[in-house]
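When the letters of the sequence shown are read in order and numbered with the numbering used here, they come out as residues 90 to 229.
Built from N, CA and C at the ideal position, the CB exists for glycine as well.
For reference, the structure discussed in these notes is given below.
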Amino acid sequence: MAIPQEKLMELLNKDLELEYSAAIQYINHAAVMTGAAYGDIIKELKIHTNEEVQHAVILADQIDYLGGSPSVMVGKIRTSKDNTEMLQQDLEGENDAIKRYKARVEQAEELKEFALAQQLRNILATEQEHAMDLKQALGI
Ligand SMILES: [Fe+2]
Ligand SMILES: [Fe+2]
Numbered sequence: 090m091a092i093p094q095e096k097l098m099e100l101l102n103k104d105l106e107l108e109y110s111a112a113i114q115y116i117n118h119a120a121v122m123t124g125a126a127y128g129d130i131i132k133e134l135k136i137h138t139n140e141e142v143q144h145a146v147i148l149a150d151q152i153d154y155l156g157g158s159p160s161v162m163v164g165k166i167r168t169s170k171d172n173t174e175m176l177q178q179d180l181e182g183e184n185d186a187i188k189r190y191k192a193r194v195e196q197a198e199e200l201k202e203f204a205l206a207q208q209l210r211n212i213l214a215t216e217q218e219h220a221m222d223l224k225q226a227l228g229i
């Protein structure tokens, strides 16, 4: 059964807050990560930063279009002094995002919000690419 539109707005706002925090977390991790072996992934993390910001822009626009108020709150941000731990934190964030966006695509389609569902699918595909980059860097 479809969830109420207000509930979808609430969930999209949580997603938006987590996009803000993902962008901040990537900025931090790319800045503090050290070591020649991490040069390539540091570049990737900076690309991820910009893509998370784009996701936030898309979500804020969609929330506004659908009659909600885009949140300006920021979700939880994690960091570490250890490179591997930071990459694991980033991967956990991406895995969580993939799970949330899979659910969100279904919820949007159940409400016949097909344009929103399409945007969410594009975001989902990017999060999967982010997870792949992180797994590769972690050697898993
Ligand atoms: Fe994202
Ligand atoms: Fe991501």
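- Between the stretch 118 to 132 and the stretch 199 to 218 there are fewer than three C-beta pairs closer than 8 Å, too few to call the two in contact.
- A check of alpha carbon separations from glutamate 141 across Ala226, Gly228, Lys224 and Glu218 identifies Glu218 as the nearest.
- Annotation for alanine 111 indicates a beta carbon within 7 Å of some heavy atom of ligand 2.
- Per DSSP, methionine 122 lies in no alpha helix (DSSP H) and is assigned neither H nor E.
- Taking a contact to require three or more Cβ pairs closer than 8 Å, the stretch 148 to 166 and the stretch 185 to 195 do not qualify as touching.
- Shown here, aspartate 171 sits in coil according to DSSP, grouped into three states, outside any helix or strand.
- In the three-state reduction of the DSSP assignment, alanine 111 falls in the helix class, which pools H, G and I.
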